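Novice:
Here is the structure:
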């Protein structure tokens, strides 16, 4: 189940969700799919039966919808507003995505939550019993305001009208929602209740959490990790051993759930990797290999092999001659078949099953030629910790896709691998070792093939008490929950009317064991050893205790925050240090100045004594100024504190000065220094005195620095202080200077020239204002500098932006960087990029913005001059201040303005006489018609004859849905979801008689594991003309000739008339045209002639739609 958080109801929707973990443009779904099977809520949640409500949503013209997502109308349950969210073409998966959403989530008060049990269903409008319904439950809150199923049902099944989910292009969705209040869900304390703590989920890292908990609870493994050499100079984010040591230490000694970010950073993963759900088995192997490598040359070298490594022998033994070939191999885990096996023992039986090599498959024995032989595997030894990976996922060749095996599969609490007199052991095995194992942990996968949720049941001490480790939450569980309920298979719902003889309803359990860890009884004491603080390196203990103390200190500070005020004191030294380096506008970054934590009830004079002690400035020489935020968003010293204010308590003063009601008081400390730099008493300040701050600009160095501050008289003129400013700048005494007032910088820079001849008051200067000055430049030497004056320099600084450009073909790699201005127009940006790339025509550059959440390019490129400025290109869907510094570029073969006026269609041309299909890109003006497409295609393809006519078809999941009229405009033709196929029109179709019928002919097969009525289409569909009264035998001959199928193969084919997905098999004597009389069926594709045979075509490693990425990224640990 994937959490999806929508934009506000009244907000116009963008093309993508505005949340960090949503619509990734490629790859598998990022978030976790929780099981369709309801989880057991904690006992303290049982309050009362929830009020329930069933909502029915009928969606017409379903297949023609172009919207990516759609919300239903609002409905009320339990006094709350709800709605259904649907992705008709899938949320970047080839499945329908369906969620329940809190409709008014954006307007609810902070901290809201509500708990609901609900089911979502797609109604089968032909056979109600085939309605697909999935149940779950969720605690909805501000961060997770919707919940549901990213892979609800396959699009091929949904869009196949014969299946009954889409009738008259109408889809019916049902939602049944029950709401109840939750008691004490958030107050549950895992450590208090169980003695153990959980791991925080970073987005889709539950698969990793379940594995880490399992490894942590193997004490020998934990001890070895603690003994890996690390130093106090290592950083956890750059060292896998230290990050794992830190994680294990916190799991052992922390009272709260532990974060895994340091560990994933040590893997070299970025945020995007943490939102990618991977395979537990693969991560286990990669992590163990990495640790094995890191342990080499240390005191714990060989630990991984010692714990997890076993050996088996592959053998081939000739039957009729004395020859045997053997090969010893090691393993860290065993992959056991689930399909066709009732339990672990059956899987081991299958593992060591003997295969006979005979007939065409004889073995080439050295010096003996081809021989009958037997081939198999036997185990030489098993490891102390046996990891069994259950093959719950496998490739289905019939469906050309991965499927999850949810069959019932049992596993024992005690596993005896010496059974039947050691039938699994090789002759070389040491029979003195007793291979009796006890179950330590069960890793569970809940969900489907396209994503799921992982958690683990573990016996940390091998006692009778099991614990469930589900991310942050740890609960006590009984043995039945950990074992039997994880076998998988089907579960029978209790009958609602027991008095009637109705068939009980069974549903598949989608939560089942996926990995088992057994510990050998004879090694139990050694493996389940004691691990305490002496096993942990001193530097690690010190570091982690310090971290813990800091955490506790912050926690205490937070709890006592209401008793204290933070006073931030800015001084001349801070301004000198920051201006021109860290900041250019205003005077100081208050987060980087000295701060004092003072109790609110203490008098302010007590604080002044603290300052004297800390900064060495006697109390009588301190004068403090309050800062004020002005209407133009600048922040300046406003006025000095009055004596009566200094007599107040710190808390009272903070309330007077700070209307924002935060816990901070910001002050500027004015200290006057004498010629010997010793502090003096502050000068008397009257209403006529103005405190001004000065910045000095050097156009040659393009540098700005703090020059100092001065008191001036309001009626005085700048000319009176010029000598002092020249002295502060260390200029020659006769240097001419220009003065500018820095007025504001939000949203635009405002910096105006000051007339030196008029008074400060006339220039509207007041306390806290900033004057920037520089040498006067002549018109001749102005041209020497990029930014000759203060306003141009500040404008540059305010808008400069380093942009990292990446090729769209390599979206993970920075290609080059350019320093640009946010005010650059579209033309300015592409011109700079073209110049860097050495391209003469900038209009051939096309740019694409960056999605800050998925760390991928946005789905749609930037249109030619579609944005005003660079700042618009870098904004994340109009969300300020969320911006990026990445842009993607591509070089087009024609100018972008020209390309945007064209429509590009991918058309698959099927040659009339040759077994070949060629994909052509047809690029035409958007107002072109299908006839124009066909004419363009004729110039690119080889026709069977010069006067051949072509037609354009719409094909979807191996069925023909439409023949495009020649006059149809191409602008609205969608080749993203449908395949466009062009072919020659056969001569026989051009001269149809009055009683001839043009019918659809499709290939199909039936899955023996599915309902026998279900058919699965494959291959290329086609049209066929049938004559009135023509028998199937004659039609078959024409089909065989058209498809060029050999007699031996064609004899195995069955022909059926299929209506609404139900096949009716035909005999050779049947008149085919009699079956195609009805005209009241919606869409001709719902009635067709079906050719049943096995799909022998090689499987392609891509889907029909080349834009969809169907394979998951492999797990990689980079460091």
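Numbering (our numbering), first residue to last: 102 to 1220. Glycine included, every Cβ here is placed at the ideal spot set by N, Cα and C. These numbers were taken from a predicted model, which means no experiment stands behind them.
(1) If contact is defined by three or more beta carbon pairs under 8 angstroms, each pair taking one atom from either stretch, is the stretch 257-264 in contact with the stretch 293-302?
(2) Please return the same chain residues whose Cβ sits closer than 8 angstroms to the Cβ of residue 492, not counting the five positions on each side in sequence.
(3) Under 7 angstroms between the Cβ atoms of residue 617 and residue 543?
(4) For residue 673 and residue 770, I'd like the C-alpha separation in whole angstroms.
(5) Can you tell me whether residue 455 is buried or exposed, with buried defined as 16 or more other CB within 10 angstroms of its CB?
(6) Here's the rule: buried if 16 or more other CB atoms are within 10 angstroms of the residue's CB, otherwise exposed. What is residue 420?
(7) Decide yes or no for the touch test of the stretch 945-965 against the stretch 985-1000: beta carbon pairs closer than 8 angstroms, at least 3 of them.
(8) Is the number of C-beta pairs between the stretch 387-395 and the stretch 685-704 that are closer than 8 angstroms three or more?
(9) Under 7 angstroms between the Cβ atoms of residue 869 and residue 737?
(10) Judging by CA-CA distance, which residue of 1189, 1037 and 645 is the nearest neighbour of residue 1098?
(11) Less than 7 angstroms between the beta carbons of residue 1011 and residue 1084, yes or no?
(12) Buried or exposed: where does residue 1096 fall if 16 or more other Cβ atoms within 10 Å of its Cβ makes it buried?
(13) Going by C-alpha distance, which of 1137, 262 and 249 is nearest residue 1061?
(14) With which residues is residue 957 paired in a DSSP beta bridge?
(15) Would you say residue 724 lies against chain D (beta-carbon separation less than 7 angstroms)?
(16) Taking residue 656 as part of the alpha helix (DSSP H), name the residues at either end of that continuous run.
(17) Looking only at its chain, what residues have a beta carbon closer than 6 angstroms to the beta carbon of residue 843, apart from the 5 residues adjacent to it on each side?
(18) Return helix, strand or coil for residue 167, following the three-state DSSP convention.
(19) What is the DSSP secondary structure of residue 740, reduced to helix, strand or coil?
(20) Look up residue 277 in the DSSP assignment and give the residues it is bridged to.
(21) Any contact of the stretch 883-897 with the stretch 930-945, i.e. 3+ C-beta pairs under 8 angstroms?
(22) I need the DSSP call for residue 1194, collapsed to helix, strand or coil.
(23) Between which two residues does the alpha helix (DSSP H) carrying residue 974 extend?
(24) Helix, strand or coil, according to DSSP, for residue 120 in the structure here?
(25) Only counting the same chain, and skipping five residues up and downstream in sequence, which positions put a Cβ closer than 7 angstroms to that of residue 830?
(26) What's the call for residue 723, buried or exposed, on a 16-neighbour Cβ count within 10 Å?
(27) Go through its chain and collect everything with a Cβ distance to residue 310's Cβ below 6 angstroms, but skip five positions before and after it.
(28) Taking the straight line between their C-alpha atoms, what separation do you get for residue 234 and residue 620?
(29) Bridge partners for residue 1026 per DSSP, in chain order?
(30) Can you name, in chain order, every residue of its own chain whose Cβ lies under 7 angstroms from the Cβ of residue 401, other than the five neighbours on each side?
(31) With distances taken between CB atoms, is the gap from residue 1174 to residue 1129 smaller than 7 angstroms?
(32) In three-state terms, what does DSSP make of residue 268?
(33) What does residue 414 pair with, by DSSP beta-bridge criteria?
(34) Looking at the secondary structure, which residues open and close the alpha helix (DSSP H) in which residue 289 lies?
(35) Anyone know if the C-beta pair for residue 664 and residue 705 falls short of 7 angstroms?
(36) Given a cut-off of 7 angstroms on the beta-carbon distance, is the pair residue 242 and residue 198 in contact?
Specialist: This is what the structure holds:
(1) No contact exists between the stretch 293-302 and the stretch 257-264.
(2) 436, 437, 438, 439, 440 and 506
(3) yes
(4) 8 angstroms
(5) Residue 455 is exposed by the Cβ-count criterion.
(6) Residue 420 comes out exposed.
(7) In the pairwise beta carbon analysis, the stretch 945-965 is classified as touching the stretch 985-1000: at least three pairs are separated by under 8 angstroms.
(8) no
(9) yes
(10) 1189
(11) yes
(12) exposed
(13) Check the Cα spacing between residue 1061 and each of 1137, 262 and 249: the tightest is with 262.
(14) For residue 957, which the question treats as bridged, DSSP gives the partners 952.
(15) Absence of chain D from the displayed structure is noted, only one protein chain being present.
(16) 639-661
(17) 852, 871 and 873
(18) coil
(19) strand
(20) Its beta-bridge partners are 155 and 220.
(21) In this structure the stretch 883-897 does not touch the stretch 930-945; the number of beta carbon pairs closer than 8 angstroms is below three.
(22) coil
(23) 971-975
(24) Caution applies to residue 120, whose pLDDT of 28 falls short of 50 and renders its modelled position unreliable; the model cannot decide the point.
(25) Excluding five sequence positions before and after residue 830, the CB atoms of its chain that fall closer than 7 angstroms to its own CB belong to 797 and 808, given in chain order.
(26) buried
(27) 300 and 572
(28) 40 angstroms
(29) 1003
(30) 325, 328 and 329
(31) Their beta carbons are under 7 angstroms apart, which means residue 1174 touches residue 1129 by this criterion.
(32) strand
(33) 429 and 479
(34) Residue 289 -> no alpha helix (DSSP H), and no H or E assigned at all.
(35) In this structure, residue 705 does not lie closer than 7 angstroms to residue 664 by Cβ.
(36) Not a contact, by the Cβ cut-off of 7 angstroms.
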